[in-house]
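Protein chains in written order, with this note's numbering: chain H, 1 to 129; chain L, 130 to 258.
First the structure, in the form of structure tokens, and then the observations on it.
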DNA sequence: CCCAAACATTACGTTAACGTTATGTTTATA
DNA sequence: TATAAACATAACGTTAACGTAATGTTTGGG
């Protein structure tokens, strides 16, 4: 609950490994943990929240590239109306993409069911009893 | 229509590349084409049928590993019952996975809509005209 | 016999997202 | 102060399904 944690606490609470955190830092997905001089890195609650949001988006099969395109909009706190409207545009676009993916999966699901039914009917006819 | 074709005819009729044929040979998905001494390979109609069956299963999004688990039954078991039962198991498993993904996407869709609505309400209150 | 296609054989490349050593340093605690 | 646990860094490894040179050999037609 502190604002300063090391990588061990961060990764445990986020459910990722240190390797993942460092990889995300290297590709600019999360900000690098601050360090005092040359030693270890310290991370904030906001970075933890970012990691959790990244995990959410990963579950939706977004690539890290795609996540990088949208992640900031979840954490910028737009002071003005224009900023919020920009966020809205991105979120709506995101919604459209998710709807598209849902349609694609449902289409594939239908094809799968069709195939399964055909297999079942074939087996029924061949082996009545 | 002969029983002896070289790789060019095989790949053209199967709709794959020579690289694909050799890769499939290397992983034991199709039998290696016979050769006279040291020269070129000759393939049979059965290998062509195998390639076409592989393509069918790939359209069902089976991995080559999964295909290798079932492909032999199409050509060894004359009734095809065993093969179809095995394929059925794999297809049902895929169906369950797809259903799970659809649920995840719908959950995320709901969260997104919630987010969007909150933004819209904020903008309405702040800027009612 | 000649030559262009077709074929064969290596072997490195590609993409994404980290895992896994290997080795050395820092921190916290007794 | 000693030392174990935690941390840092570098670099090679992994998965899937082939693509893409690069180089050499075989085949069929004229």
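Ideal Cβ positions, reconstructed from N, Cα and C, are used throughout, including at glycine.
Just so it is clear, the structure is predicted and the values come from calculations on it, not from any experiment.
In this model, residue 83 of chain H and residue 236 of chain L are separated by some 26 Å (Cα to Cα). Using a C-beta cut-off of 8 Å, the segment 212-231 of chain L makes contact with the segment 117-124 of chain H, since at least three inter-stretch Cβ pairs fall below that distance.
A direct Cα-Cα distance of roughly 33 Å separates residue 60 of chain H from residue 158 of chain L. In the DSSP assignment, no residue is bridged to residue 105 of chain H. Close to chain L, meaning a Cβ-Cβ distance shorter than 9 Å, are the following residues of the segment 81-105 of chain H: 81, 84, 85, 87, 88, 91, 92, 94, 95, 98, 99, 101, 102, 105. Not a single C-beta of chain H is nearer than 9 Å to the C-beta of residue 181 of chain L. When secondary structure is reduced to three states using DSSP, residue 34 of chain H falls in the strand class. Between the segment 163-173 of chain L and the segment 193-201 of chain L, the count of Cβ pairs shorter than 8 Å is below three; the stretches do not touch. From the beta-carbon of residue 252 of chain L, the residues of chain H found nearer than 9 Å are 81, 84, 85, 88. Bridge pairing for residue 41 of chain H: H:35 [DSSP].
For the pair residue 152 of chain L and residue 164 of chain L, the Cα-to-Cα distance works out to about 17 Å. A direct Cα-to-Cα measurement between residue 100 of chain H and residue 114 of chain H gives close to 21 Å. Excluding sequence positions up to five before and after residue 48 of chain H, its CB lies within less than 7 Å of the CB of 10, 13, 14, all in the same chain and listed in chain order. Across the structure, residue 65 of chain H and residue 226 of chain L are spaced so that their CA atoms are roughly 24 Å apart. Here residue 81 of chain H really is in contact with residue 256 of chain L; their C-beta atoms are around 6 Å apart, less than 8 Å. With contacts defined as CB atoms closer than 9 Å, residue 102 of chain H and residue 183 of chain L fail to qualify as a contacting pair. Considering only L:204, L:224, L:160, L:133, the residue with the shortest C-alpha distance to residue 109 of chain H is L:224.
With 16 or more other CB atoms across the displayed protein chains lying within 10 angstroms of its CB, residue 196 of chain L is buried.
Residue 145 of chain L: not part of any alpha helix (DSSP H); DSSP gives it neither H nor E. Within chain L, 208, 209, 210, 213 have C-beta atoms less than 9 Å from the C-beta of residue 126 of chain H, given in sequence order. Only residues of its own chain outside the window of five on either side were considered, and among them 32 have a CB closer than 6 Å to the CB of residue 25 of chain H, listed in chain order. Against chain L, the beta carbon of residue 108 of chain H has neighbours under 8 Å at 190, 227, listed in chain order.
Interface with chain H (9 Å Cβ-Cβ cutoff): residue 159 of chain L is excluded. Taking a beta-carbon distance threshold of 9 Å, residue 195 of chain L does not count as an interface residue toward chain H. For residue 7 of chain H, the nearest beta carbon of chain L is not closer than 9 Å to its own beta carbon.
If you check the CB distance, residue 135 of chain L and residue 173 of chain L do not come in under 9 Å. Around residue 191 of chain L, the same chain offers 219 as residues with beta carbons nearer than 7 Å, after the five sequence neighbours per side are excluded.
By the Cβ neighbour-count rule, residue 50 of chain H is buried, with 16 or more other Cβ atoms within 10 Å of its own.
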